[in-house]
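Just below is one structure, and these are the notes that go with it.
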Amino acid sequence: MGINNSRLLKSKKSKSIQVSSHDLLNKEKESTYYLSNDIDDIDRLHIHHFFKKYIFQNNFSSPIEDNLISGCKVLDVGCGPGTWLLELSNTYTSSQFIGLDMKPIYPQEIKPSNLKFVEGNIFNGLPFPDNEFDFVHMESMILILTRDQWNFVFSELMRVTKTGGFIEVVEPYIIPDEAGPIFKKLYGGIYDSSLKRNVDMNLSCNLDSIFESHSNITKIHRDERKTIIGPNGDKIGMVYQNIFVSFCTTEMAIDSLSNELGISKEKFKYMAENDIIEEFKQTKPEINYIRFWTQKNLI
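Mapping to numbering that gives the first Met the number 0: the sequence shown position 137 is 136, numbers consecutive.
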């Protein structure tokens, strides 16, 4: 999730959950972000998938459907519980699908025969040969990757994509113009704690400029959808309200963000579970999702 202004709040001392990963670019040993593998988090990721499918009215924007029907090879990087892959592999049975994630929260046994999951870390490079996939998909990495890491990761996505194949990256950003003070405070805590890890969520609306710095790709396309968060956004706005509240009230987020904002865990939890819901009734903050897609140049 990104936000289209530079700062919301003055940064305070933060505490975040550690997830070990190799950082090829700044030689730090660890990357931190608010993700876990408990049931509530997995349920939220499932709901998040169907939210995105609803606002776009499909599962991808790249012109790849004919290839999927006839049979091609697809990679989903950072696949999480595999919701996107499970749906596509059941729909396009002639294609082969692979999901990669550093946390094995995807199905281990009950899955279509044309779907395989691989445990791996994108920071170590993708464990696949060059020119392997017809379609490479990645989403929800804006809380994880620094600008330099975005460059490295995109180069890896390009490397494993076949000539003429497609790459699609999906990320959100917040439009705070109609947001109230509580939402700005909560989201500001997420923004500031991320920035301390050199993760700038504002990059999510400008990823095309990063991707365009790479050679061997065609024009970067943008497909955007906006939703008002909360009851003023109708039923789909309520769905995203629940996603946001669920994210903010995980144990990890409560520990980290209460410290970031300099308030007690109890006060933070009440703010995230009650105050924000009342505020959403009076405000119209927007979440904007962008699909960036491009084709690897034909040689």
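Glycine is no exception: its CB is placed at the ideal position from the N, C-alpha and C atoms.
query, result
"Count the CB pairs spanning the stretch 219-236 and the stretch 281-294 that are closer than 8 angstroms, and state whether there are at least three.", "yes"
"Please classify residue 32: is it buried, with 16 or more other beta-carbons within 10 angstroms of its beta-carbon, or exposed?", "Residue confidence for residue 32 is low, a pLDDT of 49 falling below 50, so the modelled location carries little weight and cannot support an answer."
"Sort out for me which residues DSSP pairs residue 291 with in a bridge.", "168, 221"
"Please return the same chain residues whose Cβ sits closer than 7 angstroms to the Cβ of residue 152, not counting the five positions on each side in sequence.", "121, 144"
"Which of the three DSSP states is assigned to residue 6 in this structure?", "Per-residue confidence for residue 6 stands at a pLDDT of 35, beneath the threshold of 50, marking its modelled position as unreliable; the derived number appears in the next sentence. Three-state DSSP puts residue 6 in coil, outside helix and strand."
"Do you know whose CA, among 138, 135, 88, lies nearest residue 114's CA?", "88"
"Given a cut-off of 9 angstroms, decide if residue 162 and residue 130 are closer than it, judged by their beta-carbon atoms.", "yes"
"Leaving out five residues on either side along the sequence, give the residues of the same chain with a beta carbon under 6 angstroms from the beta carbon of residue 61.", "165, 167, 292"
"Alpha carbon to alpha carbon, how far is residue 66 from residue 134?", "9 angstroms"
"Kindly indicate which three-state DSSP category residue 137 falls into: helix, strand or coil?", "strand"
"Going by the DSSP bridge assignment, what does residue 76 pair with across the sheet?", "99, 137"
"Could you round the C-beta distance between residue 156 and residue 76 to whole angstroms and report it? I think they count as a contact, below 8 angstroms.", "7 angstroms"
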